[in-house]
Amino acid sequence: MPVPGEVFSKRHVFSAEDISDFAARSGDPNPLHHNAEKAAATRFGGLIASGPHTSALLMGLVAAHLSRTHETVGLEFTFRFRRAIPAGTEAVLSWRVAAIEPSVKLGGDVITVQGEIADAAGRRYVTSNGRAVLWPRPVAVSREQ
């Protein structure tokens, strides 16, 4: 069971190829995610990751971490996009467990997490808050033939 104060994280490099691929797959035609020449002429100076890209990576990390030990689904997430993430940025996606509270209504525990994407220099690109529900995994029953 996760505990308040626990931190989980992973490193991620936002490559130009991944930025463009994610944007294309999610239906985002913005040239800031696809066209290096056009993006270079903007205030950003090059390709940047889309908001849905960064959000999906953060939510995916929560799902990957929590589903190792529990049945889980997300309930809500909010994101603040503090600065653009340029192509080539190596960052750490991290979450801290802020609270865990039982929920009779949901039949499990509601976990509250606080997350961010930041680089080694301490620049924070995205901050986030989220909640998910945790249920114990069903115990597998072995059947002997």
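Be aware that the sequence shown starts at 1, since it is given in the numbering used here, and climbs by one per residue.
For each residue, glycine too, the CB sits at the ideal point set by N, CA and C.
Check: Any contact of the stretch 97 to 114 with the stretch 48 to 61, i.e. 3+ C-beta pairs under 8 Å?; Outcome: no
Check: Name the residue from V110, K10, L61 and H33 whose alpha carbon lies nearest to the alpha carbon of D21.; Outcome: H33
Check: With C-beta atoms as the reference, is L134 less than 8 Å away from S9?; Outcome: no
Check: Reducing DSSP to helix, strand and coil, say where H33 ends up.; Outcome: helix
Check: Would you identify the three-state DSSP class for T112, choosing helix, strand or coil?; Outcome: strand
Check: Determine which residues share a DSSP beta bridge with H70 and list them.; Outcome: P136
Check: Can you tell me whether L106 is buried or exposed, with buried defined as 16 or more other CB within 10 angstroms of its CB?; Outcome: exposed
Check: If I115 and G74 are in contact, beta carbons under 8 Å, what's the gap, nearest whole angstrom?; Outcome: Note on identity: in this sequence residue 115 is Gly, with Ile being the wrong assignment. With 8 Å as the limit, G115 and G74 do not qualify as a contact, their Cβ atoms being about 12 Å apart.
Check: Of the choices A84, V104 and A132, whose alpha-carbon is the least far from that of R193?; Outcome: With the chain covering 1 to 145 only, the question about residue 193 has no answer from this structure.
Check: Can you say whether S128 is buried or exposed, counting buried as having 16 or more other CB atoms within 10 angstroms of its CB?; Outcome: buried
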